[in-house]
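Asks:
There are 2 protein chains.
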Amino acid sequence: MLTFEGQKIQGSPNIVSKLTSLPFQQCHHNITTVDCQPSGPAGGMLVFVSGNLQLAGETHALKFSQMFHLMPTPQGSFYVLNDIFRLNYA
Amino acid sequence: MLTFEGQKIQGSPNIVSKLTSLPFQQCHHNITTVDCQPSGPAGGMLVFVSGNLQLAGETHALKFSQMFHLMPTPQGSFYVLNDIFRLNYA
Numbered sequence: 001m002l003t004f005e006g007q008k009i010q011g012s013p014n015i016v017s018k019l020t021s022l023p024f025q026q027c028h029h030n031i032t033t034v035d036c037q038p039s040g041p042a043g044g045m046l047v048f049v050s051g052n053l054q055l056a057g058e059t060h061a062l063k064f065s066q067m068f069h070l071m072p073t074p075q076g077s078f079y080v081l082n083d084i085f086r087l088n089y090a
Numbered sequence: 001m002l003t004f005e006g007q008k009i010q011g012s013p014n015i016v017s018k019l020t021s022l023p024f025q026q027c028h029h030n031i032t033t034v035d036c037q038p039s040g041p042a043g044g045m046l047v048f049v050s051g052n053l054q055l056a057g058e059t060h061a062l063k064f065s066q067m068f069h070l071m072p073t074p075q076g077s078f079y080v081l082n083d084i085f086r087l088n089y090a
């Protein structure tokens, strides 16, 4: 599930639809910090990221914070169970 | 466990020691956003907070982002399993 600037979106198709409908074509992520912690006995991983977004054609970068909760799959990979994104307005 | 500005601290006594040793006595939290998601079948809850910190005697507020992972106890309460804190520098 994704919470994007407070908007709650569930399910892969809805999340892909949201992310591909954002009103820009190019966005460069400059990551400033990454913090990780194990999330419990199920083998999950919490990832907390902050940084700047540079949109094509825009002078000023936007600051953001985002967290992901990665859960293991039986195949030895991970999937994103939780994703929360916020812009940090100055 | 707590990750505070990148510093990793484990265990309640160490976390209390860290938080009580911060170099100020008063700090007012102004919360701007709160986002929550369930973290999986174990009944946990992810809470993502952003806002401003106003330290006593300081003119300017500091922006911060923080996430908590709350896990249920058998007694029907919750405890903080994960806590990640970052200041958002301008």
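Quick mapping for you: the protein sequence lines, in order, are chains A and Z. Just so it is clear: in the first sequence, position 47 is 47 by full-length UniProt numbering, and no numbers are missing. Just so it is clear: in the second sequence, position 69 is 69 by full-length UniProt numbering, and no numbers are missing. Ideal Cβ placement from N, Cα and C applies to all residues, glycine included. Since we're looking at a predicted model, the values are computed, not measured.
1. Quick one: is Z/F48 near chain A, going by C-beta distance under 9 Å?
2. Relative to the C-alpha of A/F68, which candidate in Z/F48, Z/A56, Z/S21, Z/P72 has its C-alpha closest?
3. Z/S17 lies in the alpha helix (DSSP H); which residues open and close that run?
4. Alpha carbon to alpha carbon, how far is A/R86 from Z/V34? Give it in angstroms, no decimals.
5. Would you call the region 23–31 of chain A and the region 14–22 of chain Z touching, i.e. three or more CB-CB distances under 8 Å?
6. For the region 6–32 of chain Z, list every residue whose C-beta sits within 7 Å of some C-beta in chain A, in sequence order.
7. Measure from the C-beta of A/Q37 to each C-beta in chain Z and report whether the shortest distance is under 9 Å.
8. Are the CB atoms of A/N52 and Z/S39 within a distance shorter than 9 Å?
9. Are any of the Cβ atoms in chain A nearer than 9 Å to that of Z/P41?
10. Between the C-alpha atoms of Z/F4 and Z/I84, what's the straight-line distance to the nearest angstrom?
11. Please state whether the Cβ-Cβ distance between Z/A42 and A/P41 is less than 9 Å.
12. With which residues is Z/S50 paired in a DSSP beta bridge?
Replies: To lay it out plainly:
1. yes
2. Nearest option by C-alpha distance: Z/F48.
3. Here the alpha helix (DSSP H) through Z/S17 covers 12–20.
4. 10 Å
5. The answer is no - the region 14–22 of chain Z does not touch the region 23–31 of chain A, with fewer than three Cβ pairs under 8 Å.
6. G6
7. Yes - at least one Cβ of chain Z is within 9 Å of the one on A/Q37.
8. no
9. yes
10. When rounded, the distance between both Cα atoms is 6 Å.
11. Cβ atoms of Z/A42 and A/P41: closer than 9 Å.
12. Per DSSP, Z/T33, Z/S65.
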